[in-house]
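Asker: Pasting in a structure now, in structure tokens, and then I'll have a few things to ask.
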Amino acid sequence: MPRELKALKLRYPTAATFKFGDSAALCQTLLSLVRAGKKVATCGALRDYESDEAMPEIGRQDIALNWDDTPALVIETVELIQCRFDQVTEAMALAEGEDESLEDWREGHARYFERNGGYSPEMQIVWERFRLIEDLG
């Protein structure tokens, strides 16, 4: 574990670490959207949280990593919604800051989930609203 991450874990002892996206380019884009205040939410497939990722918890502060595993941001979860993919509302989709419409969000996220374990309109997702606590970049 890099020294700077160890120091952060002392300040945020309950923090989980994670990366936005599934590539270096996407990770950087999403971190930039958070820094710009455009991305205040994210989502993941429930199946991923059941297998290897820490489930978000309201009030917990987590560390978002750059693609190279160095710390980028600290966020705090402020709202969680578990629902089917096809139940995501336009407000939820737009809070993720990546798309201009619910339709664009659905298309992009369907492709993302297909690349990462499979997609179905009925799949369960965990949608998370967060606030930026600390920008480490």
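Read the sequence shown against my numbering and you will find it ends at 1262, with the numbers running on by one and no gaps.
Even glycine gets a Cβ: it sits at the ideal position worked out from N, Cα and C.
Within its chain, find whatever has a CB closer than 6 Å to the CB of Phe1210; leave out the 5 residues flanking it on each side and keep chain order.
Answerer: Here residue 1210 corresponds to residue number 85 of the sequence shown, with the count starting at 1. Counting only Cβ-Cβ distances below 6 Å, and skipping sequence neighbours, we find Pro1246, Met1248 and Ile1250.
Asker: Give the C-beta separation of Ala1150 and Glu1221 to the nearest angstrom, bearing in mind that I take them to be a contact with Cβ-Cβ under 8 Å.
Answerer: For the purposes of this step, residue 1150 is taken as the residue at position 25 of the sequence shown. For the purposes of this step, residue 1221 is taken as the residue at position 96 of the sequence shown. Not quite, the Cβ-Cβ distance comes to about 17 Å (not below 8 Å), so this is no contact.
Asker: Going by the beta-carbon positions, is the gap between Ala1197 and Gly1146 smaller than 7 Å?
Answerer: Position 72 of the sequence shown, counted from the start, is the residue given in the question as residue 1197. Position 21 of the sequence shown, counted from the start, is the residue given in the question as residue 1146. The answer is no: Cβ separation not under 7 Å.
Asker: Taking C-alpha atoms, which residue in Arg1185, Gly1169, Tyr1137 and Arg1256 lies nearest to Cys1208?
Answerer: Taking the first residue of the sequence shown as 1, we reach residue 1208 at position 83. Considering only alpha carbons, the answer is Gly1169.
Asker: Taking DSSP's pairing of strands, which residues face Thr1142 in a bridge?
Answerer: As a position in the sequence shown, residue 1142 is number 17, starting the count at 1. According to DSSP, which records beta bridges pairwise, Thr1142 is partnered with Ile1188.
Asker: Tell me, please, which residues DSSP counts as bridged to Thr1167.
Answerer: In the sequence shown, counting from the first residue as 1, residue 1167 sits at position 42. Its beta-bridge partners are Glu1253.
Asker: Name, in chain order, the residues that DSSP records as bridge partners for Thr1202.
Answerer: To locate residue 1202, count along the sequence shown from 1; it is residue 77. Paired residues: Phe1255.
Asker: Kindly indicate which three-state DSSP category Asp1224 falls into: helix, strand or coil?
Answerer: The residue given as residue 1224 occupies position 99 in the sequence shown. If DSSP states are grouped into helix, strand and coil, Asp1224 belongs with coil.
Asker: Would DSSP call Asp1173 helix, strand or coil?
Answerer: Reading the sequence shown from its first residue, position 48 is the one you call residue 1173. DSSP places Asp1173 in helix when its eight states are reduced to three.
Asker: According to DSSP, is Ala1179 helix, strand or coil?
Answerer: The count along the sequence shown starts at 1 and reaches residue 1179 at position 54. The answer is coil: DSSP assigns Ala1179 none of H, G, I, E or B.
Asker: Can you give me the C-alpha to C-alpha distance between Arg1160 and Trp1192, rounded to a whole angstrom?
Answerer: Residue numbering aside, residue 1160 sits at position 35 when the sequence shown is read from its first letter. Residue numbering aside, residue 1192 sits at position 67 when the sequence shown is read from its first letter. Their Cα atoms are separated by approximately 16 Å.
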